[in-house]
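Residue numbers (this note's numbering): 82 to 498.
In this text, a Cβ means the ideal position worked out from N, Cα and C, and glycines have one as well.
Remember, it's a predicted structure, so these values are computed and weren't measured experimentally.
Encoded as structure tokens, the structure appears first; notes follow it.
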């Protein structure tokens with residue numbers, strides 16, 4: 082068995098169904114291995130950056146490993162922007178790159194680039210496959226790093242190594258969640274309960290960390306009569322028309338969302354590292370729950386931070402809380418949301434101008450005509466504002482964007498992915 086044939090078997094076990102990229106001499110052994118099997122398709126894009134963006138979007142959408150490929154030198158360099166998009170949004174992506182013949186590495190050979198150095202900032206894991214005996218362990222580690230640490234791995238394979246045979250060996254990959262729970266201490270949970278029950282006006286800010294626990298998230302909000310505001314990345318987790326959804330926060334937010342943050346006396350931040358410090362309430366207490374402990378205290382000083390996955394936290398905290406009888410805060414926010422929606426509807430009205438079709442109108446109409454389960458891919462710029470404010474996402478719809486890198490030219494490759 083050739084090296085790339087074994088690598089494709091490993092990727093297939095991880096659930097990979099496509100590889101996005103541009104062929105080139107240094108990865109011809111990969112293309113040949115793809116030709117001989119039918120579990121993974123090669124999607125030929127016009128530019129390696131588009132391939133990396135397509136893989137990033139697919140990984141964001143599914144949460145599963147996605148793969149892109151580029152040849153030696155310039156081909157590998159072109160992957161970089163798309164890989165940064167994946168890294169900034171914690172999307173599990175593996176990049177496969179070619180390299181000059183192994184005996185020429187370090188001698189300024191034609192198209193030679195130090196790829197280990199090039200990818201040093203963007204990749205959680207990067208390795209040069211210099212000997213076939215490194216397989217399958219090195220490929221499995223690359224996949225596991227991307228999947229379980231939520232980021233980018235890069236495998237660089239010189240042309241001559243990719244054509245070599247590898248030893249027969251069995252392998253096992255862990256491609257999904259292992260079911261483990263990350264919980265805060267009992268004392269931290271008790272303090273959290275105390276802070277929530279003392280508050281009169283609780284608002285919930287939820288992010289991507291609530292992707293797999295939307296039901297529990299809504300249950301908590303209903304229990305507390307708490308309006309919910311979302312980070313842009315979490316816009317599609319709960320439908321906009323839910324009565325407890327106030328809207329978004331920040332410059333791309335909504336009137337209801339801003340009111341919900343400004344008026345609260347306790348902001349419960351679940352699975353979000355919302356970066357814009359000016360939009361956090363100045364006088365409210367803040368509880369932040371995140372699986373990544375390093376984000377605690379990053380945005381606001383004095384917040385009470387708990388290291389936990391949001392689903393486990395919600396399952397533990399909900400039974401400990403009593404239903405809130407306070408609803409003045411919620412009603413105020415709902416009133417502001419209605420006013421904001423009316424103002425946005427005027428901007429989006431087709432009757433706004435007699436001879437001009439406004440982009441807000443097109444976005445709003447697209448939202449109205451869309452169906453449950455549809456996927457929106459959005460670019461960066463003014464179009465992001467229109468999407469953030471005028472797409473009223475429905476049940477099971479998804480919204481994809483270059484959220485944290487905010488690179489342009491994302492939407493079309495994302496649609497391919």
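- Contact between residue 289 and residue 402 is ruled out by a C-beta separation of about 24 Å, above the 8 Å threshold.
- Contact annotation: the stretch 260 to 274 does not touch the stretch 318 to 327, with fewer than three C-beta pairs closer than 8 Å.
- Only buried fits residue 103, as 16 or more other CB atoms lie within 10 angstroms of its CB.
- Separation of the CB atoms of residue 242 and residue 265 is rounded to 47 Å, and the pair is thereby denied contact status at 8 Å.
- The stretch 116 to 123 and the stretch 474 to 484 do not touch, with fewer than 3 CB-CB distances between them shorter than 8 Å.
- DSSP places residue 328 in the uninterrupted beta strand (DSSP E) bounded by 326 to 329.
- As computed with DSSP, residue 283 is found in a beta bridge with 347.
- Where residue 165 is concerned, there is no enclosing beta strand (DSSP E), although the alpha helix (DSSP H) around it starts and stops at 161 to 169.
- Here residue 372 is not near residue 350, since their CB atoms are 8 Å or more apart.
- Between the stretch 297 to 313 and the stretch 409 to 423 there are three or more inter-stretch CB-CB distances shorter than 8 Å, so the stretches are counted as touching.
- Annotation: the continuous beta strand (DSSP E) that includes residue 149 extends over 147 to 151.
- DSSP places residue 195 in the coil class of the three-state scheme, outside both helix and strand.
- Put simply, of 298, 404 and 292 the residue whose alpha carbon is nearest the alpha carbon of residue 477 is 292.
- Residue 340 is classed as buried because its beta carbon has at least 16 other beta carbons within 10 Å across all chains shown.
- Beyond the five residues adjoining it in sequence on each side, residue 302 comes within less than 6 Å, by CB distance, of 285, 309 and 325 in the same chain, given in chain order.
- Around the beta carbon of residue 433, fewer than 16 other beta carbons sit within 10 angstroms, so the residue counts as exposed.
- Bounds of the alpha helix (DSSP H) holding residue 85 are 84 to 94.
- A Cβ-Cβ separation of about 16 Å leaves residue 193 out of contact with residue 160 under the 8 Å criterion.
- With a cutoff of 8 Å on beta-carbon distance, residue 182 and residue 240 are scored as near each other.
- Taking a contact as a CB-CB distance under 8 Å, the pair residue 151 and residue 178 counts as one, their CB atoms being some 5 Å apart.
- For residue 408, the secondary structure class from DSSP, reduced to helix, strand or coil, is coil.
- Per DSSP, reduced to three states, the secondary structure at residue 444 is helical.
- Between residue 437 and residue 425, the alpha-carbon positions lie close to 17 Å from each other.
- Straight across, the Cα-Cα distance linking residue 452 with residue 217 is about 43 Å.
- DSSP places residue 208 inside the beta strand (DSSP E), whose first and last residues are 206 to 209.
- Straight through space, the alpha carbons of residue 133 and residue 494 are spaced by roughly 8 Å.
- When 176, 378 and 223 are compared, the shortest CA-CA separation from residue 135 is found for 176.
- Rounded to the nearest whole angstrom, the C-alpha separation of residue 180 and residue 84 is 15 Å.
- Secondary structure note for residue 239: its beta strand (DSSP E) is the uninterrupted segment 233 to 239.
- Here residue 255 is exposed. Its C-beta has fewer than 16 other C-beta atoms within 10 Å.
- A check of alpha carbon separations from residue 114 across 244, 382 and 157 identifies 244 as the nearest.
- Residue 485 places its beta carbon less than 8 Å from that of residue 170.
- Residue 233 places its beta carbon 8 Å or farther from that of residue 148.
- Counting only runs that start and end inside the stretch 432 to 477, the beta strand (DSSP E) elements of at least 3 residues fall at 456 to 458.
- Rounded to the nearest angstrom, the gap between the Cα atoms of residue 382 and residue 336 is 26 Å.
- Sorting 465, 282 and 267 by C-alpha distance to the C-alpha of residue 490 places 465 at the top.
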